[in-house]
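Visitor: Quick note: the sequence shown uses this note's numbering, first residue 82, plus one each step.
Glycine is no exception: its CB is placed at the ideal position from the N, C-alpha and C atoms.
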Amino acid sequence: MSLFLVNRYLAEEEDGSASKETRSQLLLAKLQQKAKEKQQRSLMERPSKGQTSQQQKRKKRKPEGSHESPQHKKRKTQAVPLCAPDSDIPNKLVKKKKTHESAKDRAMTTETEEVEQGTNPGGDEAEVEKDTSKQTNAVSTEFTVLGGFENKAIQKVHRVLPQWLAQPDVIHKDIKSNLVPIASITGLAPQLIRKLQNNGIQHFFPVQAEVIPAILESTEQGLLVGRGGYKPRDICVSAPTGSGKTLAFVIPVIQMRFHPQALMERVVCEVRALAVLPTKELAQQVCTVFTSYAEGTGLKVVMLAGQKSFAAEQTSLSELRGGRRRSLADIVVATPGRLVDHINKNSGLCLGHLRFLVMDEADRMVDSMHQLWLSHVVKAVHTPPNGAEGRAIFRRTEPVHVTAASLSPPQMPLQKLLFSATLTQNPEKLQQLGLHQPRLFSSIHAQPNSTPAAPGLAPDGFDFPQGLTEYYVPCTLSNKPLLILHFILRMKLIPILCFTNSRETAHRLFLLVQLFGGVHAAEFSSRLSPGDRKKTLKEFEQGKVQLLISTDAAARGIDINGVKCVVNYDAPQFVRTYIHRIGRTARAGKSGLAFTFLFRVQEKRFLQMVQQAGSPGIQKQLIKPQSLQSMEARYEQTLQELASVLKDEKAKY
Ligand SMILES: Nc1ncnc2c1ncn2[C@@H]1O[C@H](COP(=O)(O)OP(=O)(O)OP(=O)(O)O)[C@@H](O)[C@H]1O
Numbered sequence: 082m083s084l085f086l087v088n089r090y091l092a093e094e095e096d097g098s099a100s101k102e103t104r105s106q107l108l109l110a111k112l113q114q115k116a117k118e119k120q121q122r123s124l125m126e127r128p129s130k131g132q133t134s135q136q137q138k139r140k141k142r143k144p145e146g147s148h149e150s151p152q153h154k155k156r157k158t159q160a161v162p163l164c165a166p167d168s169d170i171p172n173k174l175v176k177k178k179k180t181h182e183s184a185k186d187r188a189m190t191t192e193t194e195e196v197e198q199g200t201n202p203g204g205d206e207a208e209v210e211k212d213t214s215k216q217t218n219a220v221s222t223e224f225t226v227l228g229g230f231e232n233k234a235i236q237k238v239h240r241v242l243p244q245w246l247a248q249p250d251v252i253h254k255d256i257k258s259n260l261v262p263i264a265s266i267t268g269l270a271p272q273l274i275r276k277l278q279n280n281g282i283q284h285f286f287p288v289q290a291e292v293i294p295a296i297l298e299s300t301e302q303g304l305l306v307g308r309g310g311y312k313p314r315d316i317c318v319s320a321p322t323g324s325g326k327t328l329a330f331v332i333p334v335i336q337m338r339f340h341p342q343a344l345m346e347r348v349v350c351e352v353r354a355l356a357v358l359p360t361k362e363l364a365q366q367v368c369t370v371f372t373s374y375a376e377g378t379g380l381k382v383v384m385l386a387g388q389k390s391f392a393a394e395q396t397s398l399s400e401l402r403g404g405r406r407r408s409l410a411d412i413v414v415a416t417p418g419r420l421v422d423h424i425n426k427n428s429g430l431c432l433g434h435l436r437f438l439v440m441d442e443a444d445r446m447v448d449s450m451h452q453l454w455l456s457h458v459v460k461a462v463h464t465p466p467n468g469a470e471g472r473a474i475f476r477r478t479e480p481v482h483v484t485a486a487s488l489s490p491p492q493m494p495l496q497k498l499l500f501s502a503t504l505t506q507n508p509e510k511l512q513q514l515g516l517h518q519p520r521l522f523s524s525i526h527a528q529p530n531s532t533p534a535a536p537g538l539a540p541d542g543f544d545f546p547q548g549l550t551e552y553y554v555p556c557t558l559s560n561k562p563l564l565i566l567h568f569i570l571r572m573k574l575i576p577i578l579c580f581t582n583s584r585e586t587a588h589r590l591f592l593l594v595q596l597f598g599g600v601h602a603a604e605f606s607s608r609l610s611p612g613d614r615k616k617t618l619k620e621f622e623q624g625k626v627q628l629l630i631s632t633d634a635a636a637r638g639i640d641i642n643g644v645k646c647v648v649n650y651d652a653p654q655f656v657r658t659y660i661h662r663i664g665r666t667a668r669a670g671k672s673g674l675a676f677t678f679l680f681r682v683q684e685k686r687f688l689q690m691v692q693q694a695g696s697p698g699i700q701k702q703l704i705k706p707q708s709l710q711s712m713e714a715r716y717e718q719t720l721q722e723l724a725s726v727l728k729d730e731k732a733k734y
């Protein structure tokens, strides 16, 4: 029975003589008395409103980290009289206690109350301290505030990159001291080696020496299966501007022609490689390189970038022979918009045999993913080629999870090859590309737990060309045009590729320089027709144009031989733009100069941006006002002439 015995605490009055009723009355009276006392105490302790706000203000003014030291706390604890239960609380002490509102100090206050109420009678200092934490909220009649208000530094979120992004195959940065003789790359056809030599190439640059063998390895077993019968890994390459990325994909694609089981014995011409580039000019440039290396191999290169009419492009893609459509292209170089047009209009572009999908300037192509060009390509790739519906060898299904069933029967693989000088490390963006077990080649090695940079800036920095020297030139709005004239007329820094942030600025500057005289200038922007742009680039390359004033239309990928100097007339807003612009000089291991004109207000942000991007250093280049003085009179006159020219132009359009 003792198991079920419940002992109740009946207080000191329990003497056995009192009746049950009397006992409860006594207990109630005692509790009421206690409650009354407690209420009185709390009324006494509660400071006036004015006092509280003053105290709070004082607390606010207290600098961060000025919390009491443990010694101070100890001293305060010692000041607490360890008095007997129910003794009156000295007002002085109460006031002192209430001036501190932090969680710690609240604890102190409560502790004092408890001590004075006798919950810790005769306890020593250590005990008082120990009990503090337990009784923090025990007596307070106010709301208990959960959590602290201490200012804590916001913890940085550490980005964890997937293994393939965090640990890339490293490409040497220094081109000149890491040249690899072309003959040392195994697997290249003698015809191709001869072609390289004829084009003046004796050595491969580091990016080519790393990437070409990797792509060739994936075609070892022919074009229909990857290494070991598996689908080959997609390849991503991030290497500086002018490091030779174009040849890194052109050579393996041309080598297909010489593969014993591949195009060498091909009876039927099919589109095996498709290179997609963001602009017409870039597509033209890459098409020229493909054509040059395809010459004499029988491979046909076709460009779909809107340079020709749609019908003309269609004619170059395929022909009708014996009632069947036959491909006339082995390699297609295209811009995304025109490519999608051809796919949608069923113009005769068959991608059913596509083996390589090259995305040059891949980060820009990822940004233009909203155009959904890639999904159109992937769909076209998985559409069985005419007449091959039943043949298992050509069977292709949309990518799914790798399972035993999905791998059997083997599919003709599509391998994606991505190239950029500023390849995004954002896994979310890369995920849109549906890469298959990607392998990254990079000249920058990101740490697995590297911290991301500020929004809009490079995540971990980029690699800059070795031979590049960067300067910034402090300027004002009025002396900017004079500075560029000074660069050409006095410093003789020609040819100059000068970038502005808008086509209007490019046009005005072009007119101004022309009106000033003494400089052969040209503009390059969307104001010009594609034909005029092509002509202008050619003239600039030939040295007929000393100053090419361009928008960002020429910032990416354009390879103009002999550009010694790039001037950012308008400071670029984004670090990627800066890297691509200045990358038009110091190409292929050569040296080059890059100047950026900066207003005083732009300096701090810009220099920070460049530093975070991984620039080896940007120097200040001051141009003394005296150096510009002699040009000022003519400049004033030119400005007036410019105003009337612009007025006339406005009237015309
Ligand atoms: N192995 C080589 N030997 C000599 N010159 C080369 C070699 N490879 C490439 N080049 C030259 O280097 C220049 C830059 O090459 P390319 O245009 O491919 O650079 P890139 O890395 O694509 O630059 P960007 O990122 O600006 O597009 C070109 O003029 C090219 O002809």
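1. How many angstroms separate the CA atom of Leu549 from the CA atom of Asp411?
2. Shortest alpha-carbon distance to Leu242 belongs to which of Ile569, Val413, Glu509, Ile630?
3. Would you identify the three-state DSSP class for Leu688, choosing helix, strand or coil?
4. Is Pro287 near Asp544, with beta carbons less than 8 Å apart?
5. Under 7 Å from any heavy atom of ligand 1, does the C-beta of Arg668 make it?
6. For ligand 1, any of its heavy atoms closer than 7 Å to the Cβ of Asp642?
7. Where does the unbroken beta strand (DSSP E) through Thr550 begin, and where does it stop?
8. Taking a contact to mean a Cβ-Cβ separation below 8 Å, would you say Ala386 touches Ala364 in this structure?
9. Please return the same chain residues whose Cβ sits closer than 8 Å to the Cβ of Tyr716, not counting the five positions on each side in sequence.
10. Between Thr617 and Glu604, what straight-line distance do the alpha-carbon atoms span, to the nearest angstrom?
11. Answer with buried or exposed for Thr378, where buried requires no fewer than 16 other C-beta atoms within 10 angstroms of its C-beta.
12. Per the contact definition of three or more C-beta pairs closer than 8 Å, is the stretch 640-648 in contact with the stretch 396-413?
13. Taking the Cβ atom as the reference point for each residue, do Arg668 and Gly323 lie within a distance shorter than 8 Å?
14. Under 6 Å Cβ to Cβ from Thr133, same chain only, skipping five residues before and after it: list those, please.
15. Tell me whether Asp613 is buried or exposed, calling it buried when 16 or more other Cβ atoms sit within 10 Å of its Cβ.
16. Going straight from the alpha carbon of Asp422 to that of Ser607, what length do you get?
17. Is any non-hydrogen atom of ligand 1 found closer than 7 Å to the C-beta of Lys326, if you look at the structure I gave you?
18. Provide the residue(s) that pair with Ser631 in DSSP beta bridges, ordered along the chain.
19. Heavy atom of ligand 1 less than 7 Å from the Cβ of Thr658, yes or no?
20. By alpha-carbon positions, which one of Ile575, Cys317, Glu713, Lys276 ends up nearest to Val251?
21. With contact counted as at least three CB pairs below 8 Å, one residue from each stretch, are the stretch 672-690 and the stretch 704-715 in contact?
22. Do you know whose CA, among Ile577, Leu590, Arg122, Pro697, lies nearest Leu646's CA?
23. Please determine whether the Cβ atom of Phe286 lies at a distance below 7 Å from any heavy atom of ligand 1.
24. Could you give the residue range of the alpha helix (DSSP H) that holds Gly400?
25. Check this for me: beta carbons of Thr632 and Ala652, under 8 Å apart or not?
26. Are there 16 or more other CB atoms within 10 angstroms of the CB of Glu118, so buried, or fewer, so exposed?
27. Does the distance from the C-beta atom of Lys254 to that of Ser524 stay below 8 Å?
28. List the residues that DSSP assigns as beta-bridge partners of Phe500.
29. Leaving out five residues on either side along the sequence, give the residues of the same chain with a beta carbon under 6 Å from the beta carbon of Leu328.
30. Quick check on Val382: does DSSP put it in helix, strand or coil?
31. Tell me the DSSP bridge mates of Cys646?
32. Under 8 Å between the Cβ atoms of Gly433 and Ser399?
33. Quick one: residues in its chain with C-beta nearer than 8 Å to the C-beta of Cys350, no 5 flanking neighbours on either side, listed in chain order?
34. Tell me the DSSP bridge mates of Phe522?
35. Quick one: does the C-beta of Ala386 sit closer than 7 Å to a heavy atom of ligand 1?
Guide: Taking the geometry as given:
1. 38 Å
2. Glu509
3. helix
4. no
5. yes
6. Note that residue 642 corresponds to Asn in the displayed sequence, not to Asp. True, at least one ligand heavy atom lies under 7 Å from that Cβ.
7. 549-555
8. yes
9. Pro562, Leu563, Leu566, Phe597.
10. 8 Å
11. buried
12. No, the stretch 396-413 is not in contact with the stretch 640-648.
13. yes
14. Low per-residue confidence applies at Thr133: pLDDT is 45, beneath 50, and the placement is therefore not dependable, though the value from the model is reported in the following sentence. Excluding sequence neighbours, Thr133 sits near nothing in its chain.
15. exposed
16. 21 Å
17. Result yes, Cβ under 7 Å from ligand 1.
18. Paired residue(s): Phe580, Phe605.
19. For ligand 1, not one heavy atom lies less than 7 Å from the Cβ of Thr658.
20. Closest by alpha carbon: Cys317.
21. A contact is defined here as three or more CB-CB pairs under 8 Å, and the stretch 672-690 fails this definition with respect to the stretch 704-715.
22. Inspection of the sequence shows that residue 646 is occupied by Cys rather than by Leu. Residue Ile577 is the option with its Cα nearest to Cys646.
23. yes
24. The amino acid occupying residue 400 in the given sequence is Glu; Gly does not appear at that position. Unbroken run through Glu400 is the beta strand (DSSP E), 399-402; no alpha helix (DSSP H).
25. no
26. Counting Cβ neighbours within 10 Å, Glu118 comes out exposed, since fewer than 16 surround it.
27. yes
28. Answer is Val318, Asp441.
29. Gln289
30. Three-state result, Val382: strand.
31. As DSSP reads the structure, Cys646 sits in a beta bridge with Ile577, Leu674.
32. no
33. Lys381, Arg407, Ser408, Leu409, Ala410, Asp411
34. Asp250, Val318
35. no
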